[in-house]
Amino acid sequence: MLEIDKVSIIYDSSQLFANLSLTIKHHEIVALTGPSGSGKTTLLRCIAGLESISTGSIHLNGHDITDQPAHLRNIGMVFQDNQLFPHLTVGQNVAYSLKIKRTPKKIADNKVREVLSLVGLNHLIDRTVTNLSGGEAKRVAVARALIAEPQVLLLDEPLTGLDIELHGRLLEDLGKLLRTRGTTVLHVTHDKAEASAIADRVLDLRQLIS
Amino acid sequence: MTTIYNRSQAIYWLAIAPIVAIVIFVIAPVFNIFVSSLQFESLNLLRTEAIRNVVWFTTWQSLVSTAFTLVIALPLAFVTANFKFKAQRLTTSLISLPFILPSIVVGVAFLQILPNNFHRTAFALILAHTYFNFGFTSRLITARWLQIHPHLDDAARTLGASPFKLFITLTMPLLSKAITNAALIVFTLCFTSYGVVRVLGGPSRSTLETEIYFRAMQLGDVSGAMLLSALQIVIIVSLFFVTTRASRNKFKQSTKPTISRQKSLQTRKQKVIAATIISIATLFAIVPVLAIAFKSINTNSRFTTTAWRTVFTSPEITQSITKTLIYAVIAMSLATLLGLLSACSVAYSNNNFHFISGLTTLPIVISAVSLGLGIIITFDTQPFDWRGAQFMLPLAHALVALPLAMRVILPVLQAIPDSLRQASSVLGASPRQTWLNIDFKIIRRAAISAAAISATVSIGEFGASSFLARRGAETLPIMISRLLSRPGDSLQSQAFALATLLAIFSLIVIFVIDSFANTKSARDSHA
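In order, the protein sequence lines correspond to chains A and B.
The first sequence lines up with residues 0 to 209 when you count with numbering that gives the first Met the number 0.
The second sequence lines up with residues 0 to 526 when you count with numbering that gives the first Met the number 0.
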């Protein structure tokens, strides 16, 4: 369970929001909406440990992770612009977290194939990521985050910039995948239809501020 | 790159001047060196122990200097690429100063700050080469580091990478090409270093470059000098070939990210690390320059302005200053014009003239000393006996500066989106008007920077000048070398005063260039 308690964030010397509280239960998919510039992405970055909060606390499964560095939190994140590592192939990108954890190669290879087949990209395992289409790159980013088996997965507008047809197909696939794996998800989007389609609960950021 | 100028025949005319200049004054002399050195029965020279020692010393001191340079440049690049701090612009300019200093000034500075027992040692050469190259190397690596999107680091961190693992698995692979290229350039510059070795190494610490000069000008063994010159060219060209091939298949470099990775220093640890690295680098950059300035006003252990007064009253020295400035203006104009033409022909020709980029690299690969030697052995018979011609020295300076001038202008030209030119065209502008109102207005700052760099190269050029400068028309570096070779503390102080003058000029140039670059980036960030 992820508990965000009375969090305030100051960004570039101005307060983005104060006293924000949110709880996400195990296996729950929560979508967070709000206008551009309201601080959705910054909130995700704070939960991931990429930015610091000014006040309040963040607990994950009962442990206070407020001051824990990002690499120790086991919170995954899919970035709006994917941020695939350009020097690695599709397979190596997906295997990145396993390599960091020094997972034996054979086990890592099997896991990579398994996750890539879940997103339908097994045939691209040796492809360089700079040659992928927008949809393929998005699937690789999701696979790379899922293979680390994060306790919470943060999705930062993951379907922005895709054409309507691809957007609809990926939204359906992503929803199925996350439910099948029982991943706890906080999904940030400005698209209310997308939020309703994928989430158990849809919240507006402004309603969370007390 | 496809541009609206692709269809214009004028592109072919643009390329003619740089091609002709390089073919006549670089390729022909080098060809002559190879042909002549193969004709002579001097190949046995390469088997002598003395020459083998020179080759070995040149190689290992270049390798160690390159390694030392990277050891200092990498932490510095880490700070400048990742953090914002007070006086960053000033610090960056000061750290860049050594690279733009004339090599003879660097040699003179280390002669002054090192104890006598370190003169004529490999350590002195390595330290001076490290000093000369560390700021430039740091800037090259910083430029690439700034292109790595900060969210890539974030992605790695959310996947469990600690700062150390992030550096090893992400940052280093993404920087590897920039580091390899920087190392190759530094190695080449150390391998072909001349001014520093002439001043600090002396006869006992000879490199290939000084040995070429020594054989041609002091022993009269021109054939031996040409053979060594040919050997040096073969080594450097092979190195460029191998390194270029090795890094060819690297992944595509990403473009400049939309958000900066430079953050304010927040934690105490960050502040201490950054302050330490920046302080050491800045001190390393300015202490040698301050040392020569100090020595110029300190003769026979007392403070006096005699040396400075002599510099501005001695007819011999004032004539040298005048000649140097005249040559610099001619060389600057020529190098900037040729650099601009080369850059335009490469940028607009849709790869047809890409080879010009390689051609303009030749003066770096060949080295100034080999260029000077090649020119005096090639243009030595009527009607082309131009060895003593007034135009030869500024022309040689322009050719030495051309690779830098071209490389300052080309990236700016290539970064102009063709849509701007198309917009100008549909608004009724002819290609000429489009070039003047779009391309030229965007690249003019780069052209001014290229001119400033070319002037600095000319003013400090020592290698080719050693062969081409005639009595009564000596440039400042030659004058400094002559003053240093004469006994007497007052003459030495005059040499230090002239070296200080050159350093002040270099400092002005680096501030001009950096202020242009900063104005441009400020504009970019507001766009």
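All C-beta atoms in this analysis are idealised placements derived from N, C-alpha and C, irrespective of residue type, glycine included.
With its beta carbon at least 8 Å from every one in chain A, A454/B lies outside the interface.
When Cβ-Cβ separations below 8 Å define contact, R143/A makes contact with chain B. The beta carbon of A47/A sits closer than 8 Å to some beta carbon of chain B. For the segment 65-79 of chain A, residues whose beta-carbon sits nearer than 7 Å to a beta-carbon of chain B comprise A69, H70, I74, G75, M76, F78. Within the same chain, and ignoring the five residues on either side of A494/B in sequence, the residues whose Cβ sits closer than 6 Å to its Cβ are I479, L482, L483.
Note on geometry: alpha-carbon atoms of L174/B and E135/A lie some 26 Å from one another.
Within the segment 113-167 of chain B, the complete alpha helix (DSSP H) segments at least 4 residues long are 121-144, 149-157, 162-165, listed from N- to C-terminus. Under the Cβ criterion of 8 Å, R156/B is counted among the residues facing chain A. The Cβ of S161/B sits closer than 8 Å to at least one Cβ of chain A. In the three-state reduction of the DSSP assignment, A198/A falls in the coil class, being assigned neither a helical nor a strand state. Neighbours of D220/B in chain A, taken as residues at a C-beta separation under 9 Å, are lacking, since the least C-beta distance is about 50 Å. DSSP places I258/B in the coil class of the three-state scheme, outside both helix and strand. Around F504/B, the same chain offers T455, I458 as residues with beta carbons nearer than 8 Å, after the five sequence neighbours per side are excluded.
Taken through DSSP and simplified to helix, strand or coil, A17/A comes out as strand. Here V195/B is buried. Its C-beta has 16 or more other C-beta atoms within 10 Å.
Under the three-state reduction of DSSP output, L419/B falls in the helix class. A direct Cα-to-Cα measurement between A215/B and A224/B gives close to 5 Å. A residue is called buried when at least 16 other Cβ atoms come within 10 angstroms of its Cβ; S366/B meets this threshold and is buried. Runs of the beta strand (DSSP E) lying entirely within the segment 145-194 of chain A and spanning at least 3 residues, in chain order: 151-155, 184-187. For K100/A, the nearest CB of chain B lies under 8 Å from its own CB, placing it at the interface with that chain.
The C-beta separation of L340/B from L126/B comes to about 39 Å, leaving the pair out of contact by the 8 Å criterion. The way I'd put it, the segment 330-348 of chain B does touch the segment 404-417 of chain B; three or more beta-carbon pairs between them come closer than 8 Å. In terms of Cβ geometry, T168/B and A177/B do not form a close pair [threshold 8 Å].
Here I512/B really is in contact with S448/B; their C-beta atoms are around 5 Å apart, less than 8 Å. Between L145/A and R156/B, the CB-CB gap reaches or exceeds 8 Å. At the C-beta level, I276/B and L75/B come within 8 Å of one another. The segment 400-448 of chain B is shown to contain whole alpha helix (DSSP H) runs of 4 or more residues at 417-425, 430-433, in chain order.
The three-state reading of DSSP puts T281/B in helix, counting H, G and I together. DSSP places T32/A in the uninterrupted beta strand (DSSP E) bounded by 28-32. Linking V425/B to V286/B through their CA atoms gives a straight-line distance of about 56 Å. When beta bridges are read from the DSSP output, K83/B appears opposite S263/B. Scanning F293/B, Q111/B, D384/B, E473/B for the CA closest to the CA of L324/B turns up E473/B.
Annotation: K100/A is outside any beta strand (DSSP E) and is labelled neither H nor E by DSSP. Straight across, the Cα-Cα distance linking S228/B with G200/B is about 19 Å.
By the Cβ criterion, the segment 76-95 of chain A is in contact with the segment 151-158 of chain A, since at least three pairs of Cβ atoms, one from each stretch, lie closer than 8 Å. Nearest to S278/B by C-alpha distance, out of L467/B, T312/B, Y193/B, T91/B, is T91/B.
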